[in-house]
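Novice: Mind having a look at this structure? Questions to follow.
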Amino acid sequence: MIRNLDQIFVLLQHWLVSFLAAAWQGAAGVLINAAAIVCVFPALFAVAVWLERKGLGRMQNRLGPNRVGPYGLLQPIADGIKSLTKEDIVPLSADTVVHFLAPVLLVVTAFMGFAVLPMGRNMVLVDLDAGLLFYFAMGASTELAVFMAGWSSRNKYSLLGAMRAVAQMISYEVVLLLSSVVVVMMAGSLSLTKIVEAQNHYTWGFPHWYIFTPWGLAAFVMYAIAATAETNRSPFDLPEGESELVAGYHTEYSGFKFALFFLGEYVAMFSISGLGTTLFLGGWSAPFSFLTWVPSWIWFFSKLMLSIFVFIWMRGTLPRLRQDQLMNFAWKFVLPMCLLNLMVAAVWRFMGDGWLRWFVCSAILILAYAGMGWSELRKKHIGPRSYRYAE
Amino acid sequence: MSLVFYLIAALTVAGGLASMVLKNTVHCALALTVAFAGLALFFLNLDAQFAGFAQILVYIGAVAILVVFAILLTKGSETPKDGVFSRTWLAGLAVAAAVFAVLGWAILHTAPMLPGATPAPAVTVEQIGQALIGRYVLPLEIVAVLLTAALIGAVIVAMHEKEGTK
Amino acid sequence: MTPLAGYLLVAALIFSIGLAGALTRRNAILVLIGIELMLNAANLNLIAFWRYGPHPELLTGMMFAIFSIAVAAAEAAVGLGLVISIHRHAKTTDLDQMNRMKG
Amino acid sequence: MQEAISFTPQLSASLIAEILWLIPAVPIVASGLAALLKQPRRKASATLAIGSLSFSLLLSLVAFRHVVSEWANGRATREVVNFAWFQTGAVNVDLGWVLDPLSAVMLVMVSFVGLLIFIYSTGYMEHDENYTRFFCFMSLFAGAMLGVVVANSLLLLFMCWELVGLTSYLLIGFWYQKPSASAAAKKAFLTTRIGDVFFLLGIVWLFSQTGTLLFYNHGAGSLEPFALAGLLATPAALGLTAAGAIGLLIFAGAAGKSGQFPLHVWLPDAMEGPTPVSALIHAATMVAAGVYLIARVYPLMQAGALAGGTTTALTVVTWVGAFTAVFAALIAVAQNDIKRILAYSTVSQLGYMMAGLGLGGVAVGMFHLITHAFFKALLFMGAGSVIHGCHEEQDIRKMGGLKADMPLTFATYGVGMLALCGFPLLFSGFWSKDGILEAAQHWSVAKTPFYMLVFGALLTAFYMTRQVAYVFFGYWRGGKPAHESPAVMTAPLAILAFFAMALGLIGTPAWPWFRAFLDGRAASFAWRGFMEPGLLALMCASTLVVFLGLGLGWKLYGDRSPRPQEPDALERVTPLVWGWLRDKLYVDEFYGVTVIAFYEGWARVSDWLDRRVWGGVVAGVAWTFGLWAQLNRFLDNNIVDGSFDKGCDELGVGGGLLSRMQTGRVQTYLRLLALAVVLLAAILIWSSRA
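Residue numbers (the working numbering), protein chains in the order written: chain R, 511 to 901; chain G, 16 to 181; chain B, 353 to 455; chain D, 269 to 958.
Dropping the structure here:
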């Protein structure tokens, strides 16, 4: 019974597929899965938007949406209808084709990421041997969409926003990659399912999630930072800094295209949190060995929503950085820490079992963190912003 | 010669052509990414998963972005008055055609000797990693050095004189 | 026609397109783009030969392609850096006007 | 010759052997840290250097104890720890370190002398503003030198070897603001490079022959019978086997490092560096590295020798060593710079060691190396103390009568001097030098080296007496009076002096402990040792020679101090010879005349050719044509001109056409390139099809 509940979606898919001829079943199965993903995450998107607006409201001592439906629950639907029915304005001088392609590309690439995420036991669209690489390849191509959006709408705010976004995404993509490489080193595979399997053991009822190791924790923190920057969320939301450039690269978008951007942003958030969950939080594995009876997908999605909540929380809490601060932080602090973390992971790997490696690795990381932070603080100079794109 | 092959080939060649003939430089760059994507698909079609994804990651994720950045930094996006092709475009085209002729001729003449379809080799990423660390460790190190040098070099070349002397 | 020949032909075509672009465009950046295309064509050849070659398990062609991808990335970075600095000095990226080294 | 030694192979290395790498690693790390220190942090850097080196000394002593105890239990050990450095294709390059009597002895010597010199230099360099840099370099050197000692792979040894050379360069040029110092540094670097090139050739050859650079690898090493047999089987040029040829190449490297003739020229100039540097690097350790290298690869040098026989390589080593010994001793007689005298004496003593290796095997040479390291370091540090006391004065003619002013220095210096002269029975130099002489006496090839070495001993005694007489006896000829050096400098002197005496006792014929230890045989005490045929006679002879030298020196220089300007005592006897010797037998000049003059001459020749020959030809041709023109002007004006101008125009046009190809446009060149490719490809395909 429990087993069936765990595998319910898998079984459902098999049942649906079983109506078809054997020749078609493979393709059909993939199609069904894709359809499921494409349906589930927009729904999740609606929920998340509502959560965000309510949560932010609470954090800022206001009610948030409360008119449409009980507790404003139907607000997302209303928004959706609005954005669907609004007029789609394209600037006269805009580069029409690119202007149209940009949001589509963004959303498509954002969705592509889910193809390799295991959302539960046996619940993965395609179990690629190089899954992680695929994920990052897709993530890399979103930057292009952002650039297209900003450039095509012939608007200096859009362009600046796009440039900022692209620069920021590139810088933090490096961090994102390097912090995940640690996990790959440990799990010895790029396949996300294998990575989850590698974390799905328990000692004394506690799981072997990578976050519960010194290097894992450090990598997770850096991953979280990089993820926030990748998705242009506060405090790294300069590309959409309302106060500086109207709404960033999608200033000139309206109606459904704007909704697509909005959707794309959230989907990217979901997928990146999903990846973080898979890499560091043991994917769909239960947090305690006595909870393994709970269906795996419940765990996955609850972890996902938890991290989304953290996103929202940070947005409600932290002020926005400045562009040069952002870049310096990425290149001068996080990146070196990532590299150091690689070393630490290697040390951990080769020191073998025992308490000693815990001590050594944590010591190295803490010392490095303290030292670098200290030196950063010491040579902190308050001055005019010093960043430059084109002369 | 499956249908897939022809589709991808059409996509790639179209992208390449567009990237070379379009007037607007940014369009060229975008078309280039299409060509890159096509090549990546080719790699996947050739059972070279790793290479394919690496292609996407490096070319679409990095090189294309670099190119558009460079275009914007050099204000190259507006098309020049006196045409986008150099004065000697005809000669260039002729030479390129000659190259293609020779290559195609060679291929077509050797086509009969080429091996036919073979079963797909099962290559896991792990094998590639092992090879990189084992047989190809020296090239790997050299490439690492090269990349570092290129990073520093690019920074220094593109850096401002003011910064340079400071 | 064997699949390998098909791949080789496509690669040759892309190579020639890239060469044509590199030979005919004025804009230095586009010349670089052409060169990138040529490199990619070469990579396609390598992968194709690896796939249909006698010893795919040795990964030779694949490795070659991967390394050349890495090198191409470096090449693009440096090349574009050069273009930018040239633009900063000569205020142009037009190759027809960059002929100060004429004999 | 020594008989083949059988070391019991150790399959599992002991703990101390496992961590042997720490000995060189720690000082190197320390120097890295010292490099990060700012100049004002003097104490810290000195502490780092001394602390790290004393750690190494401790480990070395442990290792030494381990080896000795093993040997005392009748198991002469050679423990190796090897690991693969990297592997590319089928070739894999291994590195490793070895712990055997040879390396153990060297380790103790280097780290001990080094430590003493470090302590000494805290006093000597006190007023130098580059204190931290000095200690950074010093401990880097110490680490590298220890690396040379422990290396079990010719490659690792070569790396450390070059590192040592580098630090020597850095330290000779330590006072780089002095042009002479930087010049000397460059000279040292380049001269040793000459040797190292040959050394590298030898390494490559060895690798290509045996496929490994490890010395010992449980039977698979390059110094072990299997590989040696292979090397002997392959002939090289001039009737040498590959083994012999490689041995000679390696010896060239060794000659460069330990200043054997004709590559000795850098060592005397190296004295531009601070005195502790001269003591540590250019007397005790680095210059001995060459000797150690030969001792290390001895099986290679010896390969193919029948019992009691010798090999070409060893013969060459012997002759070069003996010649250098006499040659340098001669020069040393007529020097006036206190450090130069010691430098030349170092060169000659190194010659002794080389000769000892060539004649009597590892133990003989190594024994002299160890004793020499102690007393020569002692002498240099004593000289340093003298210089320090005489306010940086180095000319012995401006000193004198110091025995009153600096009694401690005088006493220790005297000990060192007597040890160097080989004063009988009491001093270590006597025993080690005697071992060499004895071996020379029994050498099967020729007796000449024996006489050369004896003569060298005579000269040694002579010039040391001269120096001491100049410096310590007579009356003070300098400016403001000298003062004794601080205890931090004199204490190491005392320690070294003790060892300069005591160390001889482990190598007496009665109790040849050292030789037995190195050869892995049991040592036994027996007065019979002296009873070997001819030994006593030899000892008496060398004693006589020493006394002769001392007496001669004393007669010429004793207790009467010439004024700085008035000619030297020996000069009065034979001004001509004196002149030669003072000018170092014109080796530098010789190089100047040959190498440099070659280029100059070449330039002059080509210049002459240009001016006279070609110029003359051109002039002649011009003249002829002028005549021709004179004759034919008439015709010219009428007929030729038109066509000639036409031709000129044609030429001009052609040139223009050619230069137009050089458009300076990248794409043009690219186009031509592509065209060339097309043509080549076409030709290739066509030819392959035809």
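All C-beta atoms, glycine included, are put in the ideal place defined by N, C-alpha and C.
Leaving aside the five residues before and after Ala-511 of chain D along the sequence, list all residues of the same chain whose C-beta is less than 7 Å from its C-beta, in chain order.
Specialist: Within the fourth sequence, the letter at position 243 stands for residue 511 of chain D. Correct list, in chain order: Leu-496, Leu-499, Leu-500, Leu-568, Ala-571 and Gly-572.
Novice: Hey, does Asp-639 of chain R have any beta-carbon neighbour from chain G nearer than 9 Å?
Specialist: Numbered from 1 along the first sequence, position 129 holds the residue referred to as residue 639 of chain R. Closer than 9 Å: yes.
Novice: Tell me whether Val-158 of chain G, by its Cβ, gets closer than 8 Å to a heavy atom of the ligand ATP.
Specialist: As presented, the structure is devoid of all ligands, the ligand ATP included, so that no description of it is given.
Novice: Which residues in the same chain as Phe-519 of chain R place their Cβ atom closer than 8 Å to its Cβ, once the five residues preceding and following it in sequence are excluded?
Specialist: Within the first sequence, residue 519 of chain R is the residue found at index 9, counting from 1. Excluding sequence neighbours, Phe-519 of chain R sits near Ala-546, Gly-630, Met-633 and Trp-807.
Novice: In the DSSP assignment, the alpha helix (DSSP H) including Asn-514 of chain R goes from what residue to what residue?
Specialist: By 1-based counting over the first sequence, the position of residue 514 of chain R is 4. Looking at the DSSP string, the run of the alpha helix (DSSP H) that includes Asn-514 of chain R is 512-516.
Novice: According to DSSP, simplified to helix, strand and coil, what is Thr-180 of chain G?
Specialist: Locating residue 180 of chain G in the second sequence gives position 165, where the first residue counts as 1. Only weak support exists for where Thr-180 of chain G lies, its pLDDT of 39 falling under 50; the coordinates are left without a value.
Novice: Would you list, in sequence order, the uninterrupted beta strand (DSSP E) runs of no fewer than 3 residues that lie entirely inside the stretch 400-485 of chain D?
Specialist: DSSP runs (the beta strand (DSSP E)) wholly in the stretch 400-485 of chain D: none.
Novice: How would you call Phe-227 of chain D, buried or exposed, if buried means at least 16 neighbouring beta carbons within 10 angstroms?
Specialist: Nothing about residue 227 of chain D can be read from this structure; chain D reaches only from 269 to 958.
Novice: Please list, in chain order, the chain D residues whose beta carbon lies closer than 8 Å to that of Val-110 of chain G.
Specialist: Numbered from 1 along the second sequence, position 95 holds the residue referred to as residue 110 of chain G. Those are Arg-939, Ala-942, Leu-943 and Val-946, listed as they occur along chain D.
Novice: Spell out the partners DSSP gives Phe-595 of chain D in its beta bridges.
Specialist: Here residue 595 of chain D is taken as the residue at index 327 of the fourth sequence, counted from 1. Phe-595 of chain D is not bridged to any residue.
Novice: Determine the closest residue to Ala-394 of chain B out of B:Met-450, B:Ala-428 and B:Ala-364, with distance taken between C-alpha atoms.
Specialist: Working through the third sequence from its first residue, we reach residue 394 of chain B at position 42. Selected option, being the one with the closest Cα: B:Ala-364.
Novice: Compare the C-beta of Gly-932 of chain D against all C-beta atoms of chain B and say whether one is closer than 9 Å.
Specialist: Within the fourth sequence, the letter at position 664 stands for residue 932 of chain D. True, the Cβ-Cβ gap to chain B drops below 9 Å.
Novice: Grouping DSSP H, G and I as helix and E and B as strand, with all else coil, what is Leu-363 of chain D?
Specialist: The count along the fourth sequence starts at 1 and reaches residue 363 of chain D at position 95. In this structure, Leu-363 of chain D counts as strand in the three-state DSSP scheme.
Novice: In terms of DSSP beta bridges, what is Ala-352 of chain D paired with?
Specialist: In the fourth sequence, counting from the first residue as 1, residue 352 of chain D sits at position 84. Beta-bridge pairing links Ala-352 of chain D to D:Asp-362.
Novice: Could you have a look at Tyr-581 of chain R and say whether DSSP puts it in helix, strand or coil?
Specialist: For this step, residue 581 of chain R is matched to residue 71 along the first sequence. Note: Tyr-581 of chain R maps to helix in three-state DSSP.
Novice: If you run the structure through DSSP and keep just helix, strand and coil, what is Tyr-937 of chain D?
Specialist: Locating residue 937 of chain D in the fourth sequence gives position 669, where the first residue counts as 1. The answer is helix: DSSP assigns Tyr-937 of chain D an H, G or I state.
Novice: If you count every other CB in all the chains shown that lies within 10 Å of the CB of Phe-422 of chain D, and 16 or more means buried, which is it?
Specialist: Here the question's residue 422 of chain D lines up with position 154 in the fourth sequence. Before going further, note that residue 422 of chain D is Leu rather than Phe in the sequence given. Looking at its Cβ environment, which holds 16 or more other Cβ atoms inside 10 Å, Leu-422 of chain D is buried.
Novice: Once DSSP output is grouped into helix, strand and coil, what is the label at Phe-716 of chain R?
Specialist: As a position in the first sequence, residue 716 of chain R is number 206, starting the count at 1. Looking at Phe-716 of chain R - three-state DSSP - the assignment turns out to be strand.
Novice: Helix, strand or coil for Glu-338 of chain D per DSSP?
Specialist: Position 70 of the fourth sequence, counted from the start, is the residue given in the question as residue 338 of chain D. Glu-338 of chain D falls in the helix class under three-state DSSP.
Novice: Do we get a CB-CB distance below 9 Å when we pair Gln-935 of chain D with the residues of chain B?
Specialist: Translated into the one-based positions of the fourth sequence, residue 935 of chain D becomes position 667. It does: the Cβ of Gln-935 of chain D has a partner Cβ on chain B nearer than 9 Å.
Novice: When the Cα atoms are used, what is the spatial distance from Leu-919 of chain D to Gly-883 of chain D?
Specialist: Counted from its first residue, the fourth sequence places residue 919 of chain D at position 651. Counted from its first residue, the fourth sequence places residue 883 of chain D at position 615. C-alpha separation (whole angstroms): 26 Å.
Novice: Give me, in chain order, the residues of the same chain whose beta-carbon lies closer than 6 Å to that of Met-695 of chain R; leave out the 5 immediate sequence neighbours on both sides.
Specialist: Counting from one through the first sequence, the residue named residue 695 of chain R turns up at place 185. Excluding positions up to five away in sequence, the list reads Ala-855.
Novice: Between Gln-617 of chain D and the rest of its own chain, which residues show a CB-CB distance below 6 Å, the 5 nearest in sequence each way excluded?
Specialist: Taking the first residue of the fourth sequence as 1, we reach residue 617 of chain D at position 349. Cβ within range, chain order: His-640.
Novice: For Asp-362 of chain D, count the other beta carbons within 10 Å of its own beta carbon; 16 or more makes it buried, fewer makes it exposed. Which is it?
Specialist: Translated into positions along the fourth sequence, residue 362 of chain D becomes position 94. Counting Cβ neighbours within 10 Å, Asp-362 of chain D comes out buried, since at least 16 surround it.
Novice: For Ala-79 of chain G, which residues in chain R fall below 8 Å Cβ to Cβ?
Specialist: As a working note, residue 79 of chain G is residue 64 in the second sequence. Residues of chain R passing the Cβ test: Leu-654.
Novice: For Asp-913 of chain D, is the classification buried or exposed, using 16 other Cβ atoms within 10 angstroms of its Cβ as the cut-off for buried?
Specialist: Along the fourth sequence, read from residue 1 onward, the residue named residue 913 of chain D stands at position 645. Under this definition Asp-913 of chain D is an exposed residue.
Novice: Quick check: is the beta carbon of Met-450 of chain B nearer than 9 Å to any beta carbon in chain D?
Specialist: Locating residue 450 of chain B in the third sequence gives position 98, counting from the first residue. Judged by the 9 Å Cβ criterion, Met-450 of chain B is in contact with chain D.
Novice: With DSSP collapsed to three states, give me the class of Thr-639 of chain D.
Specialist: Position 371 of the fourth sequence, counted from the first residue, corresponds to residue 639 of chain D. Three-state result, Thr-639 of chain D: helix.
Novice: Leaving out the 5 sequence neighbours to the left and right, which residues in its chain are closer than 7 Å to Ala-739 of chain R when beta-carbon positions are compared?
Specialist: As a working mapping, residue 739 of chain R is identified with position 229 in the first sequence. Here the set comprises Gln-678, Tyr-682 and Phe-746.
Novice: Following the continuous alpha helix (DSSP H) through Ile-547 of chain R, name the residue where it begins and the one where it ends.
Specialist: On the first sequence, position 37 is the one that residue 547 of chain R refers to. Ile-547 of chain R -> alpha helix (DSSP H) spans 532-569.
Novice: Ile-953 of chain D touches chain G at which residues, Cβ-Cβ below 8 Å?
Specialist: The count along the fourth sequence starts at 1 and reaches residue 953 of chain D at position 685. Within 8 Å Cβ-Cβ: Val-117, Trp-120, Ala-121 and His-124.
Novice: Quick one: which residues of the stretch 415-434 of chain B get their C-beta closer than 8 Å to a C-beta of chain G? List them in chain order.
Specialist: Result list: Met-415, Ala-417, Ile-418, Phe-419, Ile-421, Ala-422, Val-423, Ala-424, Ala-425, Ala-426, Glu-427, Ala-428, Ala-429, Val-430, Leu-432, Gly-433 and Leu-434.
Novice: What residues match up with Asn-379 of chain B in a beta bridge as DSSP calls it?
Specialist: Within the third sequence, the letter at position 27 stands for residue 379 of chain B. Answer by DSSP bridge pairing, in chain order: B:Asp-446.
Novice: Leu-361 of chain B to Gly-119 of chain G, Cα distance in whole Å?
Specialist: Here residue 361 of chain B refers to the residue found at position 9 of the third sequence. Here residue 119 of chain G refers to the residue found at position 104 of the second sequence. Roughly 6 Å between the two C-alpha positions.
Novice: Check each residue of the stretch 364-391 of chain B: if its Cβ is closer than 9 Å to any Cβ of chain G, include it; give the result in chain order.
Specialist: Against chain G - using a Cβ distance shorter than 9 Å - the residues of the stretch 364-391 of chain B are Ala-364, Leu-365, Ile-366, Phe-367, Ser-368, Ile-369, Gly-370, Leu-371, Ala-372, Gly-373, Ala-374, Leu-375, Thr-376, Arg-377, Arg-378, Asn-379, Ala-380, Ile-381, Leu-382, Leu-384, Ile-385, Gly-386, Glu-388 and Leu-389.
Novice: Using the beta-carbon of each residue, which ones in chain D are nearer than 7 Å to Leu-447 of chain B?
Specialist: Taking the third sequence and counting its residues from 1, the one referred to as residue 447 of chain B is at position 95. Going along chain D in sequence order, the residues near Leu-447 of chain B (Cβ under 7 Å) are Arg-933, Val-934 and Gln-935.
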